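Structure first, commentary second.
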Amino acid sequence: HAGEPVALVVAETQGQAEDALDLIVFDVDSLPAVVDPAEAVVPGAPVLWPHAPDNVALDWRAGDFAAVDKAMAGAVYVVKLRLANNRLVGNAMEPRSALASYDAANGRYTLVAGSQGVSVVKAMLAEPVLKVAPDKLHVVTNDVGGGFGIKTQAYPEYAVILVAAKALGRPVKWRGTRAETFLADNAARDGVIDGELALDRDGRFLALRVDHVAAMGAYLSAHGTAVPTRNVANCLPSVYTTPAISYRVRCVYTNTAPIGPYRGAGRPEAAYIVERLVDEAARVTGIDRLELRRRNFIVPAAFPYKTPIGPLLDSGDFAPMLDRALDLADWKGFEARRAEAAKAGRLRGIGLAMFLETAGAFLTETTEIRFAGDGSVRVATAAQSNGQGHATAFAQVIADRLGVPFEAIRIVEGDSDVVPVGLASVASRSMFMAGCAIATTVDAVIEKGRVAAGEVLEAAVADIEFADGVFRVAGTDRSIPVLELAKALRRRGGLADGAAGGLDSKEEYKAPEQTFPNGCHVCEVEIDPVTGITTVVGYAAVDDCGVVVNPMIVHGQVHGGVAQGLGQCLGEHCVYDGDGQLLTGSFMDYQMPRAADMPPMRLAFQPVPCRTNPLGVKGAGEAGTTGALPATMNAICDALAARGITHIDSPATPQHVWGALAAE
Numbered sequence: 001h002a003g004e005p006v007a008l009v010v011a012e013t014q015g016q017a018e019d020a021l022d023l024i025v026f027d028v029d030s031l032p033a034v035v036d037p038a039e040a041v042v043p044g045a046p047v048l049w050p051h052a053p054d055n056v057a058l059d060w061r062a063g064d065f066a067a068v069d070k071a072m073a074g075a076v077y078v079v080k081l082r083l084a085n086n087r088l089v090g091n092a093m094e095p096r097s098a099l100a101s102y103d104a105a106n107g108r109y110t111l112v113a114g115s116q117g118v119s120v121v122k123a124m125l126a127e128p129v130l131k132v133a134p135d136k137l138h139v140v141t142n143d144v145g146g147g148f149g150i151k152t153q154a155y156p157e158y159a160v161i162l163v164a165a166k167a168l169g170r171p172v173k174w175r176g177t178r179a180e181t182f183l184a185d186n187a188a189r190d191g192v193i194d195g196e197l198a199l200d201r202d203g204r205f206l207a208l209r210v211d212h213v214a215a216m217g218a219y220l221s222a223h224g225t226a227v228p229t230r231n232v233a234n235c236l237p238s239v240y241t242t243p244a245i246s247y248r249v250r251c252v253y254t255n256t257a258p259i260g261p262y263r264g265a266g267r268p269e270a271a272y273i274v275e276r277l278v279d280e281a282a283r284v285t286g287i288d289r290l291e292l293r294r295r296n297f298i299v300p301a302a303f304p305y306k307t308p309i310g311p312l313l314d315s316g317d318f319a320p321m322l323d324r325a326l327d328l329a330d331w332k333g334f335e336a337r338r339a340e341a342a343k344a345g346r347l348r349g350i351g352l353a354m355f356l357e358t359a360g361a362f363l364t365e366t367t368e369i370r371f372a373g374d375g376s377v378r379v380a381t382a383a384q385s386n387g388q389g390h391a392t393a394f395a396q397v398i399a400d401r402l403g404v405p406f407e408a409i410r411i412v413e414g415d416s417d418v419v420p421v422g423l424a425s426v427a428s429r430s431m432f433m434a435g436c437a438i439a440t441t442v443d444a445v446i447e448k449g450r451v452a453a454g455e456v457l458e459a460a461v462a463d464i465e466f467a468d469g470v471f472r473v474a475g476t477d478r479s480i481p482v483l484e485l486a487k488a489l490r491r492r493g494g495l496a497d498g499a500a501g502g503l504d505s506k507e508e509y510k511a512p513e514q515t516f517p518n519g520c521h522v523c524e525v526e527i528d529p530v531t532g533i534t535t536v537v538g539y540a541a542v543d544d545c546g547v548v549v550n551p552m553i554v555h556g557q558v559h560g561g562v563a564q565g566l567g568q569c570l571g572e573h574c575v576y577d578g579d580g581q582l583l584t585g586s587f588m589d590y591q592m593p594r595a596a597d598m599p600p601m602r603l604a605f606q607p608v609p610c611r612t613n614p615l616g617v618k619g620a621g622e623a624g625t626t627g628a629l630p631a632t633m634n635a636i637c638d639a640l641a642a643r644g645i646t647h648i649d650s651p652a653t654p655q656h657v658w659g660a661l662a663a664e
């Protein structure tokens, strides 16, 4: 694909390296290209790889196809839609960069790079690429200027600068440019989804059939196929009691940069097709779109609820969530606002989206807690903050459960020599998995402490109580704070600072099931039919993230997610020409959302605690992005309906909207 790295130049300065590029003669044969996933599966399309003569890397299915076919055949209504999911580029504030060095004395590599988890980067590079034992690669991640899924995996540049550092005996630094972000970073979305929803005479959902052709790029990225397969499938049931669901996805090769996880990672794609189909069903049946949704909600008494395509949902209460979102958005006052807009010659629309996600991905995580000689509590985790505020939220969990001062807690991340092996901060899993691992490890500390306190206080373990950071002998005034006990044990054991012992604990948490964040988002837009410009004039979101540890941080997560969802709806679109050359290689051509584009947002939580983990949390990192795409596109279609337009694909750029209006 255009922009694929093919050679490395190492020099003393950036200018020398750029000049040296002119000395490289790159002889390449031009081949026909295919960049559209739908065109890639057409017979006769250019073939990228001999092992995939039809360009299909994976043909994946889930659900009961026979049951869906039967329900479709007997349905009173069957509504159909085809949606194009525009290709996106995950533009973090900080482009990818890395610093590599090699210690010849012990044969050990060190890589300092922005990542979403050092364990994943180390696992991908050590044995598979460098052919060394894991302890011969040290990976460090410091502050990260945004990740969004794009920085989850190791990239080719990291491997080659490590090799160069060993060959030269000197550190080697590489920093990607913004142009290289567009050309070579894992991109996102990019697919065509066909959906069909069957209903009976009363508007009850009978079956959902979804067929997806998803671009994978020229190569399969480390986690690329997980996005359009299981991630989408798990979210298709949403909040509804659809009895039968079938899903097929063909992951296809295209002459483009690889596809990888990007905030939402399959969740927006699922919510988009489901919620657009529900609105289309309301239009066809004549049933109010709010009533149609209420009629098909999973009711609280049905939980735990087994969906027809896989997940066992533990909890939820969707009707009150919808009511609260409608109140926040002033849904009842919308028709008056629409009439006022019409007087000014503008089209106004309102849309909503219900959604249910999965969070967690890999369901194990390990945390280590150590009590340092200076009185601090150091908590090591494989999670990696890249804007989520781990140092605050994780510390709150520890302070609450262990009863130690907040300021005494040190969260340690981003050093493969120190943190336990784990996954990364992806899939809305940080508080769910790492947070629950912390809680589990705190429990282990307390159990150790009860035994030790029994010895110190000369009491039976069964008589030792723990509350508010203090061990007490029940029914007496004899007690010892946990930090004082930890110091006493270190002194008694003669432990040097940094050595493990005493109350120090390391525990693995295994979750029995993923969690299922859900929500209702409402978007209101106004369109100028003369210019085609769409303005988002209001946005309301009510989310069930389970127990919310830090509301301010979660509000920030939703704000940011909505901004990225609006970006996909209104402007972001990575485009290649027919020869596979990138046309949107900078911010001159790729429209990023700006702060001035953001509407006033009204946000609220409607928490129903998760029943399957000790914190009751569900996850919050991707809710904003998941809800924004369907809610906003439904609002735009609602506005355009006044001109007889019932469908438009994202992004709804001024040119796209104006063209649709002009065609009418």
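Take the sequence shown: its position 271, counted from the start at 1, is 271 in this note's numbering, and no numbers get skipped. Yeah, the Cβ is synthetic: ideal placement off N, Cα and C, and Gly gets one too. On a predicted model such as this, the values are computed, not experimentally measured, just so you know.
Within its chain, find whatever has a CB closer than 7 Å to the CB of A282; leave out the 5 residues flanking it on each side and keep chain order. Taking the first residue of the sequence shown as position 1, residue 282 is located at position 282. The residues are D288, R289 and L292.
So V118 and D415 are supposed to be a Cβ contact under 8 Å. How far apart are they, rounded? Within the sequence shown, the letter at position 118 stands for residue 118. Within the sequence shown, the letter at position 415 stands for residue 415. V118 to D415, Cβ: 7 Å. Contact.
Nonlocal neighbours in the same chain, by C-beta distance under 7 Å from G266, ignoring five residues either side: What you label residue 266 is simply residue 266 of the sequence shown in a count that begins at 1. Answer for G266: V227, P228, N231, V232 and C235, listed in chain order.
Using alpha carbons as the reference points, say which of F432, V121, L8 and L603 lies closest to L21. Numbered from its first residue, the sequence shown carries residue 21 at position 21. Taking only the C-alpha atoms, the option nearest L21 is L8.
Out of V172, V41 and E269, which one is the CA nearest neighbour of S650? Here the question's residue 650 lines up with position 650 in the sequence shown. Comparing Cα positions, the closest option is E269.
Classify F148 as buried or exposed, calling it buried when 16 or more other Cβ atoms lie within 10 Å of its own Cβ. Here the question's residue 148 lines up with position 148 in the sequence shown. Burial call: buried.
State the start and end residues of the unbroken alpha helix (DSSP H) segment that holds F394. One-based indexing of the sequence shown puts residue 394 at position 394. F394 -> alpha helix (DSSP H) spans H390 to L402.
With which residues is S479 paired in a DSSP beta bridge? Mapped onto the sequence shown, residue 479 falls at position 479. DSSP, once it has assigned bridges, lists R472 as partnering S479.
Below 6 Å CB to CB, which residues in the same chain sit around A540 once its five sequence neighbours on both sides are set aside? As a first step, residue 540 is located in the sequence shown; it is residue number 540 there, counting from the start. Around A540: A325, L328, A329, V522 and R602.
Going by Cα to Cα distance, which pick from N106, T254 and D64 is closest to A52? As a working note, residue 52 is residue 52 in the sequence shown. The shortest Cα separation from A52 among N106, T254 and D64 belongs to T254.
Whose C-alpha, out of P311, M321, F394 and V192, is nearest the C-alpha of Y272? By 1-based counting over the sequence shown, the position of residue 272 is 272. Out of P311, M321, F394 and V192, V192 has the C-alpha closest to the C-alpha of Y272.
Excluding five sequence neighbours on each side, which residues of the same chain lie with their C-beta closer than 6 Å to the C-beta of L322? Position 322 of the sequence shown, counted from the first residue, corresponds to residue 322. Only C520 meet the Cβ criterion.
C251 versus Y219: straight-line alpha-carbon distance, rounded: Here the question's residue 251 lines up with position 251 in the sequence shown. Here the question's residue 219 lines up with position 219 in the sequence shown. Those two C-alpha atoms are separated by around 11 Å.
Within its chain, find whatever has a CB closer than 8 Å to the CB of H656; leave out the 5 residues flanking it on each side and keep chain order. Within the sequence shown, residue 656 is the residue found at index 656, counting from 1. These residues qualify, in order along the chain: G532, I648 and D649.
So, is V451 buried or exposed, given that buried needs 16 or more other C-beta atoms within 10 angstroms? What you label residue 451 is simply residue 451 of the sequence shown in a count that begins at 1. So V451 ends up on the exposed side.
T632 - containing alpha helix (DSSP H), residue span: Residue 632 sits at position 632 when you count from the first residue of the sequence shown. A623 to L640 is the span of the alpha helix (DSSP H), which, as asked, contains T632.
Just list the alpha helix (DSSP H) runs in the segment 415 to 453, keeping only unbroken ones of 4 residues or longer that don't cross its boundaries, in chain order. none
Hey, V76 and R201 are a contact pair by Cβ (cut 8 Å); roughly how many whole angstroms apart? If you number the sequence shown from 1, residue 76 lands on position 76. If you number the sequence shown from 1, residue 201 lands on position 201. So it is a contact: roughly 5 Å between Cβ atoms.
Would you tell me roughly how many angstroms separate the C-alpha atoms of L88 and S425, rounded to the nearest one? Here the question's residue 88 lines up with position 88 in the sequence shown. Here the question's residue 425 lines up with position 425 in the sequence shown. Cα to Cα, the separation comes out at about 21 Å.
Please return the same chain residues whose Cβ sits closer than 7 Å to the Cβ of W49, not counting the five positions on each side in sequence. Walking along the sequence shown from the start, residue 49 turns up at place 49. Around W49: Y253.
Among L352, A427, V10 and T242, which one has its Cα closest to the Cα of Q388? For the purposes of this step, residue 388 is identified with residue 388 of the sequence shown, where counting begins at 1. Comparing Cα positions, the closest option is A427.
At the level of alpha carbons, what is the spacing between L570 and H559? Residue 570 sits at position 570 when you count from the first residue of the sequence shown. Residue 559 sits at position 559 when you count from the first residue of the sequence shown. The alpha-carbon atoms of L570 and H559 are separated by roughly 16 Å.
Grab me the residues of A98's own chain with a C-beta within less than 7 Å of its C-beta, minus the 5 sequence neighbours each way, in chain order. Within the sequence shown, numbered from 1, the residue matching residue 98 stands at position 98. Apart from the 5 residues on each side of it in sequence, A98 sits with its Cβ closer than 7 Å to the Cβ of L111, V112, A113, E157, Y158, I161 and W174 in its chain, given in chain order.
How many angstroms separate the CA atom of T476 from the CA atom of I464? Position 476 of the sequence shown, counted from the start, is the residue given in the question as residue 476. Position 464 of the sequence shown, counted from the start, is the residue given in the question as residue 464. Between T476 and I464, the C-alpha separation is close to 10 Å.
Residue interval of the alpha helix (DSSP H) (run including Y509): Working through the sequence shown from its first residue, we reach residue 509 at position 509. Under the DSSP assignment, Y509 falls outside any alpha helix (DSSP H), being part of the beta strand (DSSP E) whose first and last residues are S505 to K510.
Could you give the first and the last residue of the continuous alpha helix (DSSP H) run that contains K343? Residue mapping note: residue 343 aligns to position 343 of the sequence shown, counting from 1. Bounds of the alpha helix (DSSP H) holding K343 are F334 to K343.
Would you say the segment 549 to 565 touches the segment 4 to 18, given that touching needs at least three Cβ pairs under 8 Å? no
Close beta carbons around D185, own chain, < 6 Å, minus the five adjacent residues each side: Within the sequence shown, numbered from 1, the residue matching residue 185 stands at position 185. Closer than 6 Å at the Cβ level, and outside the excluded window around D185, lie I150.
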